[in-house]
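> The structure follows.
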Amino acid sequence: MLKIENLQARIEEKEILKGINLDIKPGEVHAIMGPNGSGKSTLASVLAGREAYEVTGGSADFLGKDLLEMAPEDRAKEGLFLAFQYPVEIPGVSTTNFIKTAVNEKRKYQGLEPLDAAQFLKTMKEKMQLVQINQSLLSRSLNEGFSGGEKKRNEIFQMAMLEPKLAILDETDSGLDIDALRIVANGVNQLRSKDNAFLVVTHYQRLLDYIVPDFVHVLYNGKIVRSGTKELALELEEKGYDFIKAELEAATV
Amino acid sequence: MENNMLNSAFQTIQAEAGHLSSFQQQNWSSFDQWGLPALKHEEWKYTRIRTVFRDDMQVVAEGTGLTPAIIQQHFLPGELSKNAIVFVNGMYQPSLSRVSAPSTELVVKALSAAAGDEDAAFVKQHLGHSQQYHRDGINALNGAFAAGGVFIRAKKGKQVQDPVVIYHFSDAQSGFRFSQPRILVHAEAASEMQVLETYIKIGNEESLTNEVIELCAETDAHVHYVKLQNEGTRSNHTGTTHIRQLGRCNTHAVTITLSGNVVRNNLNMIMEAANSESHMYGLYLLNGKTLADNHTIVDNQMPNCLSNELYKGIVDDQSTGVFNGKIFVRQDAQKTNAYQSNKNILIGEQASANTKPQLEIFADDVKCSHGCTVGKLDENALFYLKARGIPDDKAKALLLHAFAVDILDQIKNESIRAYADQLISARLSYSE
Ligand SMILES: Nc1ncnc2c1ncn2[C@@H]1O[C@H](COP(=O)(O)OP(=O)(O)OP(=O)(O)O)[C@@H](O)[C@H]1O
Ligand SMILES: [Mg+2]
Numbered sequence: 001m002l003k004i005e006n007l008q009a010r011i012e013e014k015e016i017l018k019g020i021n022l023d024i025k026p027g028e029v030h031a032i033m034g035p036n037g038s039g040k041s042t043l044a045s046v047l048a049g050r051e052a053y054e055v056t057g058g059s060a061d062f063l064g065k066d067l068l069e070m071a072p073e074d075r076a077k078e079g080l081f082l083a084f085q086y087p088v089e090i091p092g093v094s095t096t097n098f099i100k101t102a103v104n105e106k107r108k109y110q111g112l113e114p115l116d117a118a119q120f121l122k123t124m125k126e127k128m129q130l131v132q133i134n135q136s137l138l139s140r141s142l143n144e145g146f147s148g149g150e151k152k153r154n155e156i157f158q159m160a161m162l163e164p165k166l167a168i169l170d171e172t173d174s175g176l177d178i179d180a181l182r183i184v185a186n187g188v189n190q191l192r193s194k195d196n197a198f199l200v201v202t203h204y205q206r207l208l209d210y211i212v213p214d215f216v217h218v219l220y221n222g223k224i225v226r227s228g229t230k231e232l233a234l235e236l237e238e239k240g241y242d243f244i245k246a247e248l249e250a251a252t253v
Numbered sequence: 001m002e003n004n005m006l007n008s009a010f011q012t013i014q015a016e017a018g019h020l021s022s023f024q025q026q027n028w029s030s031f032d033q034w035g036l037p038a039l040k041h042e043e044w045k046y047t048r049i050r051t052v053f054r055d056d057m058q059v060v061a062e063g064t065g066l067t068p069a070i071i072q073q074h075f076l077p078g079e080l081s082k083n084a085i086v087f088v089n090g091m092y093q094p095s096l097s098r099v100s101a102p103s104t105e106l107v108v109k110a111l112s113a114a115a116g117d118e119d120a121a122f123v124k125q126h127l128g129h130s131q132q133y134h135r136d137g138i139n140a141l142n143g144a145f146a147a148g149g150v151f152i153r154a155k156k157g158k159q160v161q162d163p164v165v166i167y168h169f170s171d172a173q174s175g176f177r178f179s180q181p182r183i184l185v186h187a188e189a190a191s192e193m194q195v196l197e198t199y200i201k202i203g204n205e206e207s208l209t210n211e212v213i214e215l216c217a218e219t220d221a222h223v224h225y226v227k228l229q230n231e232g233t234r235s236n237h238t239g240t241t242h243i244r245q246l247g248r249c250n251t252h253a254v255t256i257t258l259s260g261n262v263v264r265n266n267l268n269m270i271m272e273a274a275n276s277e278s279h280m281y282g283l284y285l286l287n288g289k290t291l292a293d294n295h296t297i298v299d300n301q302m303p304n305c306l307s308n309e310l311y312k313g314i315v316d317d318q319s320t321g322v323f324n325g326k327i328f329v330r331q332d333a334q335k336t337n338a339y340q341s342n343k344n345i346l347i348g349e350q351a352s353a354n355t356k357p358q359l360e361i362f363a364d365d366v367k368c369s370h371g372c373t374v375g376k377l378d379e380n381a382l383f384y385l386k387a388r389g390i391p392d393d394k395a396k397a398l399l400l401h402a403f404a405v406d407i408l409d410q411i412k413n414e415s416i417r418a419y420a421d422q423l424i425s426a427r428l429s430y431s432e
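Protein chains in written order, with the working numbering: chain V, 1 to 253; chain C, 1 to 432.
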């Protein structure tokens, strides 16, 4: 589904991604862990198409298309979704209208008729239930004054509405209370199918108890330095990143 | 500019001997003495106003051949055509106007009539008060033509239900049209009224409207004023809206500028009574080569007043937005709260925004704040929208509409707000 080879990117002259390789197949869940500042959000942003980052090398193939050549909105319409680590507050844009616009843009791209008000409402009700988000939240301006947890829940709600093929969740678990974490994870699990895939960025093994990954990768200093199965997350939880750093240093000496 | 042409027009529009006539005479000689402000005039440094007052302007005193059918075509729907006050070429046209509010609530008549009847004392006392703040030839020139104006009064304790909509027509079918409407509004104690001013140019030639509207609000009156400018790129405007709070009251002004060549709006809130509130909101959405210059004055004279001001601009292409906000807090105006803010989004590479707050504070116990920003569209917000599949142009329109909606929300009347929103959405190619 997504095949990344030797991906390199920088921002303002600073090299951040230094050759990422990743192969995600339909039906898989990949987790990315790694210390602060290692480049996890950068990878997510580059995949979603944020213009501030300059791709300096490598490739990314998404469902047979050159992802890096596509405008961010086209990536989304092709089925890529990024749940932001820091969702943006946009006063004056109603959450519901925004989601309706997004849903119908995607339908237009797929050659489908836009949803009418009744159909949209029905879908919305269903998905609201899935992530247990409140109607009152959705009638407010987009993320404006939302609590940290409410913003994250809104991201998952949007994901549920847009039904992406590949969803990248950038620390969707941070800032969530235990119940919310379970609800969000549950939402993700219900959307999981053999046709779609997830890339989950997290600092905590706890999330991976709920969303069980097929693969776990460690991103360190712009590179994936270790890949394994879900046991790797447990090991990291226990030992921290130091043992990986030590191994890396030993290797370079 | 040729004074001869103006002079002969001035002669034909003289009121009969009396206060109004001498008011006109005085203004004419002030105009003669002061002339038009030059660029070096501090208040006019961004606005080349002299180039707009041209020698070939048509200044006829009377209306033209605009038929009632043509006029009515331009009336806004529903309640916005119930109290329709029509000016053609700066002259009040009673026969083209219609007032459906009962005369027990609302009085509308020629200013020349008001100057000689039961309202004479009021006219004498209040007409021309704005000149204390604008001692320039432009205000004076309008005063010289005041006999063509209108007088409007909301009666004591009455709530005028439908907005009073003033339609300013300029007939520019056969040449550059110069119009000078004059309006005096009296909101009696505990009355409530909404006033909308809108401008329509007929014909393809250019126009200039030089307007003065003075509104006086008495104790507990609520005056809600909206000025909506969308006349097209070949229209020029110099206008003063002068709002006086004679007793403790609440006044509210929203100025929206969507098009024009050179547009200069003066807005004054003269707060003469303690415990009053005033609100001034503005939105300018500029493109092409439009220059829109908003000069505002809040004059806090008495204690415990609140004034709140927010102007927002979206400035595209080679257009220019100017905001100048003066706040006076006089010595007696203790415990004044005065807020002012001007926010601009620049879109065009050659667009510019000039913003300047001017605070003159003579009292010690006051809270004043002011701030201005000139920026671009928020890249993070734009990316967020695009990352959800919303195309670039639509995402921008959404964000710009969101920026403007703050001001739109300040229009209390639903029909006026819907109409303004429709114009703004069309301009931004925004649709829900
Ligand atoms: N605009 C920028 N200018 C310079 N450096 C930047 C910029 N944006 C990000 N960086 C740097 O890039 C590095 C990677 O940042 P990134 O946000 O990808 O880290 P992360 O792995 O997501 O960290 P966290 O776990 O804290 O979310 C950091 O060192 C960060 O400071
Ligand atoms: Mg991050």
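Note that CB positions come from ideal geometry on N, CA and C, so glycine has one too.
Step through the CB atoms of chain D and report whether any lies within less than 8 Å of the CB of V225 of chain V.
Of the protein chains in this structure, namely V and C, none is chain D.
> Any residue with its C-beta under 7 Å from a non-hydrogen atom of ligand 2 counts. Can you list them all in chain order?
Cβ atoms closer than 7 Å to ligand 2 belong to V:K40, V:S41, V:Q85, V:D170, V:E171, V:V201.
> Kindly say whether R388 of chain C, judged by its beta-carbon, lies nearer than 8 Å to any beta-carbon of chain V.
Residue 388 of chain C sits at position 388 when you count from the first residue of the second sequence. So yes, R388 of chain C belongs to the interface.
> Using 7 Å as the cut-off, classify the Cβ of K14 of chain V as near or not near the heavy atoms of ligand 1, replying yes or no.
Walking along the first sequence from the start, residue 14 of chain V turns up at place 14. Under cutoff, so the answer is yes.
> In terms of DSSP beta bridges, what is R177 of chain C paired with?
To locate residue 177 of chain C, count along the second sequence from 1; it is residue 177. C:Q58, C:S207.
> Can you give me the Cβ contacts of Q14 of chain C inside the same chain, cut-off strictly under 7 Å, excluding the 5 residues immediately before and after it?
Residue numbering aside, residue 14 of chain C sits at position 14 when the second sequence is read from its first letter. Same-chain partners within the cutoff: S21, Q24, A147.
> Reducing DSSP to helix, strand and coil, say where A52 of chain V ends up.
If you number the first sequence from 1, residue 52 of chain V lands on position 52. Three-state DSSP puts A52 of chain V in coil, outside helix and strand.
> Listed in chain order, which residues of the region 404-419 of chain C have Cβ atoms closer than 7 Å to some Cβ of chain V?
Listed by position, the residues of the region 404-419 of chain C near chain V (Cβ gap below 7 Å) are V405, D406.
> Tell me H252 of chain C's beta-bridge partners as DSSP assigns them.
For the purposes of this step, residue 252 of chain C is taken as the residue at position 252 of the second sequence. Answer by DSSP bridge pairing, in chain order: C:H224, C:H279.
> Provide the residue span of the alpha helix (DSSP H) that contains L377 of chain C, from first to last.
Within the second sequence, residue 377 of chain C is the residue found at index 377, counting from 1. Here L377 of chain C belongs to no alpha helix (DSSP H), and DSSP marks it neither H nor E.
> Note down, in chain order, every chain C residue with its Cβ under 8 Å from the Cβ of I168 of chain V.
To locate residue 168 of chain V, count along the first sequence from 1; it is residue 168. The contacting residues do not exist; I168 of chain V stays about 10 Å from chain C at best.
> For I11 of chain V, verify whether its CB is less than 7 Å away from any heavy atom of ligand 1.
For the purposes of this step, residue 11 of chain V is taken as the residue at position 11 of the first sequence. At least one heavy atom of ligand 1 is nearer than 7 Å to the Cβ of I11 of chain V, so yes.
> Closest to D171 of chain C by CA distance: which of C:L283, C:V86, C:N354, C:E43 is it?
To locate residue 171 of chain C, count along the second sequence from 1; it is residue 171. Among C:L283, C:V86, C:N354, C:E43, the Cα nearest to that of D171 of chain C belongs to C:V86.
> Check each candidate in C:S319, C:D365, C:I270, C:G247 and name the one with the smallest Cα separation from L258 of chain C.
Against the second sequence, residue 258 of chain C aligns to sequence position 258. Of the candidates C:S319, C:D365, C:I270, C:G247, the one whose C-alpha sits nearest the C-alpha of L258 of chain C is C:S319.
> Put M70 of chain V into one of helix, strand or coil per three-state DSSP.
What you label residue 70 of chain V is simply residue 70 of the first sequence in a count that begins at 1. In the structure shown, M70 of chain V sits in coil (DSSP, three-state: anything other than H, G, I, E or B).
> So what does E231 of chain V bridge to, in DSSP terms?
In the first sequence, counting from the first residue as 1, residue 231 of chain V sits at position 231. None, per the DSSP bridge assignment.
> Counting only runs of 3+ residues fully inside the region 142-195 of chain C, write out the beta strand (DSSP E) ranges in chain order.
For the region 142-195 of chain C, whole beta strand (DSSP E) runs of length 3 or above, ordered along the chain, are 150-154, 164-171, 177-179, 182-187.
> With a CB to CB cut of under 8 Å and the five nearest residues on each side skipped, what residues in its chain are close to G149 of chain V?
Numbered from 1 along the first sequence, position 149 holds the residue referred to as residue 149 of chain V. So the list reads G175, L176, D177, A180, once near-sequence residues are dropped.
> Which one of C:V123, C:Q340, C:E272, C:A154 has the shortest CA to CA distance from A190 of chain C?
Translated into positions along the second sequence, residue 190 of chain C becomes position 190. Out of C:V123, C:Q340, C:E272, C:A154, C:A154 has the C-alpha closest to the C-alpha of A190 of chain C.
> Just checking N36 of chain V against ligand 1 - is the residue's beta carbon closer than 7 Å to any of the ligand's heavy atoms?
The sequence position of residue 36 of chain V within the first sequence is 36, counting from 1. Correct: N36 of chain V has its Cβ closer than 7 Å to ligand 1.
> Of all Cβ atoms in chain V, is any one closer than 8 Å to the Cβ of V391 of chain C?
Translated into the one-based positions of the second sequence, residue 391 of chain C becomes position 391. Going by the sequence as given, residue 391 of chain C is Pro instead of Val. Cβ-Cβ to chain V under 8 Å: yes for P391 of chain C.
> With a CB to CB cut of under 6 Å and the five nearest residues on each side skipped, what residues in its chain are close to G175 of chain C?
Position 175 of the second sequence, counted from the first residue, corresponds to residue 175 of chain C. Hits under 6 Å: Q58, E205.
> State whether the region 214-223 of chain C contacts the region 99-115 of chain C, with contact taken as three or more CB pairs (one from each stretch) at a distance under 8 Å.
No, the region 214-223 of chain C is not in contact with the region 99-115 of chain C.
> Looking only at C-alpha atoms, which of V:V212, V:A250, V:K239, V:N196 sits nearest to M1 of chain V?
Along the first sequence, one-based indexing puts residue 1 of chain V at 1. Ranking the options by Cα distance to M1 of chain V, first place goes to V:N196.
> When the Cα of N380 of chain C is compared with those of V:T56, V:V88, V:Q158, which residue comes out closest?
Along the second sequence, read from residue 1 onward, the residue named residue 380 of chain C stands at position 380. Nearest C-alpha to N380 of chain C: V:V88.
> For ligand 3, is there any heavy atom lying closer than 7 Å to the beta carbon of N21 of chain V?
Summarising the ligand content, the structure contains ligand 1 and ligand 2 and does not contain ligand 3.
> Classify A76 of chain V as buried or exposed, calling it buried when 16 or more other Cβ atoms lie within 10 Å of its own Cβ.
Translated into positions along the first sequence, residue 76 of chain V becomes position 76. Buried, since its Cβ has 16 or more Cβ neighbours within 10 Å.
> Would you list, in chain order, the members of the region 97-112 of chain V that have their beta-carbon closer than 9 Å to a beta-carbon of chain C?
Against chain C - using a Cβ distance shorter than 9 Å - the residues of the region 97-112 of chain V are N97, F98, I99, K100, T101, A102, V103, E105, K106, Y109.
> Quick check for students: name the residue ranges of the beta strand (DSSP E) that lie wholly in the region 180-211 of chain V, counting only runs of 3 or more.
Complete beta strand (DSSP E) runs here, min 3: 197-201.
> With a cut-off of 8 Å, does the C-beta of L423 of chain C fall near any C-beta of chain V?
The count along the second sequence starts at 1 and reaches residue 423 of chain C at position 423. So no, L423 of chain C is outside the interface.
> Closest Cβ-Cβ distance between D158 of chain V and chain C: below 8 Å?
Taking the first sequence and counting its residues from 1, the one referred to as residue 158 of chain V is at position 158. The sequence given here has Gln at residue 158 of chain V, not Asp. So yes, Q158 of chain V belongs to the interface.
> Output needed for Q301 of chain C: all residues of its chain with C-beta closer than 7 Å, excluding positions within five of it in sequence on either side, in chain order.
Looking up residue 301 of chain C in the second sequence gives position 301. So the list reads M271, E272, R330, D332, A333, once near-sequence residues are dropped.
> If distances are taken between C-alpha atoms only, which option among V:V225, V:K230, V:K100, V:F243 comes closest to N21 of chain V?
As a first step, residue 21 of chain V must be located in the first sequence, where it is residue number 21. Out of V:V225, V:K230, V:K100, V:F243, V:V225 has the C-alpha closest to the C-alpha of N21 of chain V.
> To be precise: take each residue of the region 155-181 of chain C, compare its Cβ to all Cβ atoms of chain V, and keep it if any distance is under 9 Å. Which residues remain?
Those would be none; no residue qualifies.
> Identify every run of the beta strand (DSSP E) within the region 274-323 of chain C, keeping only runs that are complete inside it and at least 3 residues long; order them along the chain.
Fully enclosed beta strand (DSSP E) runs of 3 or longer: 277-286, 291-300, 306-315.
> What does P114 of chain V touch in chain C if you count any residue whose Cβ is under 9 Å from its own?
The residue given as residue 114 of chain V occupies position 114 in the first sequence. Ordered by position in chain C, no residue passes the 9 Å Cβ test against P114 of chain V, which lies about 12 Å from the chain.
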